[in-house]
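Notes follow the structure.
Numbering (our numbering), first residue to last: 453 to 846.
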């Protein structure tokens, strides 16, 4: 820590050096409450010393205990000018906060993306987050630290570490879908979106801004916040179009169409898919064109327009067949969707030909999907087909 703490000691001599360093951490982090662990990291103190200092501040009425055994400054502390003014905030403690929280988020990301329930102890010791042991621990840690994580993003941007803030925001977005408390907290998601966008703008990084907007939109859509999902996707498509990143533009427009379809605004979904078909034709993007035709077919199914759905799915089938590089899984989805329509129309022979095509595409490529198609083929004529995850394809 810097010599700035000597000034803190003179202002509040009763606190002692450790107490003054702890008090300064709140101004440095610009956070309402901090944990003992975070205060120890920021004040560069052993946890035991930090806890002793905190106990003294609690006894003096200068700190107040909050939930999860965190603490926040009491009103008396601010009224006594106990908090350091901005010009005396220790930037080193701020960097330590960002580094520590980033390590925790990275650790939680690795845990939550694993199939197993535990990580090796050696990895836990390297990160310094021994309290994050299981997937449940990771989720609890994220939820408990949600407010201070946003504060860390702001601190990183203020200190000129925009790229670090972008990386932290990206990690957080990747964890939102598997952390229900964050996914369903619309206010927190909105604050994370603003913080990430601010980091990308300050870093003059439009590519990162587009990625963060896509991540924000995906999470909003998963939470059923379709208006927010639409807004973010429209902004990202504008960025990808301006940057000339066609593949990302195609992905974003497809995702926007799914938002409209799930929202029940089928006319808007068709509008964006038709625009995408034209865009892909203009750029001779055969794969994007095939996907867009497939998406129109699925939307027509949702709208109850079976004849139109057959037309576009058959066009998608021809488009996939014409591609120089096969896309067997995507092509199989088209064949299954088409077969399901024929089945509902009692055209069982046609449906079986479609299912057989799908099976031939999936064998040795996707065993689970192939088994689902085998179940379709084993269904007797006239009986309902096994249901699928998305109601149309696999």
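No residue lacks a Cβ here, since even glycine has one placed at the ideal position from N, Cα and C.
Simplified DSSP assignment, three categories, for residue i
i: residue 835; result: coil
i: residue 516; result: strand
i: residue 624; result: helix
i: residue 478; result: helix
i: residue 486; result: strand
i: residue 557; result: helix
i: residue 827; result: helix
i: residue 470; result: helix
i: residue 749; result: helix
i: residue 697; result: coil
i: residue 685; result: helix
i: residue 616; result: helix
i: residue 495; result: helix
i: residue 757; result: coil
i: residue 819; result: helix
i: residue 610; result: helix
i: residue 840; result: coil
i: residue 714; result: helix
i: residue 548; result: helix
Which listed residue (the options) has its alpha carbon closest to that of residue i
i: residue 804; options: 815, 791 and 796; result: 791
i: residue 495; options: 619, 547 and 748; result: 547
i: residue 677; options: 563, 659, 688 and 642; result: 642
i: residue 597; options: 626, 557, 564 and 614; result: 557
i: residue 881; options: 818, 795, 695 and 752; result: The question about residue 881 has no answer here: the residues shown for the chain are numbered 453 through 846.
i: residue 590; options: 565, 757 and 493; result: 565
i: residue 795; options: 775, 828 and 821; result: 828
i: residue 586; options: 606, 562 and 517; result: 562
i: residue 501; options: 521, 470, 514 and 618; result: 470
i: residue 623; options: 560, 797 and 592; result: 560
i: residue 860; options: 823, 753 and 812; result: As displayed, the chain neither begins before 453 nor continues past 846, which places residue 860 out of reach and without an answer.
i: residue 549; options: 714, 776, 605 and 514; result: 605
i: residue 619; options: 667, 484 and 707; result: 667
i: residue 785; options: 712, 701 and 840; result: 840
i: residue 480; options: 520, 633 and 543; result: 543
Residue i and residue j closer than 8 angstroms at C-beta
i: residue 759; j: residue 603; result: no
i: residue 636; j: residue 675; result: yes
i: residue 800; j: residue 833; result: yes
i: residue 669; j: residue 651; result: no
i: residue 685; j: residue 704; result: yes
i: residue 740; j: residue 789; result: no
i: residue 692; j: residue 662; result: yes
i: residue 654; j: residue 609; result: yes
i: residue 473; j: residue 497; result: yes
i: residue 821; j: residue 762; result: no
i: residue 486; j: residue 600; result: yes
i: residue 722; j: residue 689; result: no
i: residue 755; j: residue 718; result: yes
i: residue 660; j: residue 644; result: no
i: residue 625; j: residue 664; result: yes
i: residue 477; j: residue 545; result: yes
Enclosing alpha helix (DSSP H) for residue i [first to last residue]
i: residue 523; result: Here residue 523 belongs to no alpha helix (DSSP H); instead the beta strand (DSSP E) covers 523 to 525.
i: residue 631; result: Unbroken run through residue 631: none, as it is neither H nor E.
i: residue 674; result: 658 to 674
i: residue 791; result: 780 to 796
i: residue 591; result: 587 to 596
i: residue 775; result: Premise fails: residue 775 is in no alpha helix (DSSP H) and is neither H nor E.
i: residue 584; result: First-last for residue 584: undefined, no H or E at that position.
i: residue 723; result: 718 to 734
i: residue 647; result: 638 to 654
i: residue 503; result: 499 to 511
i: residue 812; result: 800 to 814
C-beta neighbour in chain B for residue i, strict 8 angstroms
i: residue 552; result: Any reference to chain B falls outside this structure, which holds one protein chain only.
Taking contact to mean at least 3 C-beta pairs separated by less than 8 angstroms, is the segment 520 to 531 in contact with the segment 551 to 562?
Contact between the segment 520 to 531 and the segment 551 to 562 is absent, because fewer than three Cβ pairs lie under 8 angstroms.
Are there three or more Cβ pairs, one per stretch, closer than 8 angstroms when the segment 724 to 734 is compared with the segment 769 to 780?
The segment 724 to 734 is not in contact with the segment 769 to 780.
Three or more C-beta pairs under 8 angstroms: does that hold for the segment 609 to 627 against the segment 502 to 509?
Taking 8 angstroms as the limit for Cβ pairs, the verdict is that the segment 502 to 509 does not touch the segment 609 to 627.
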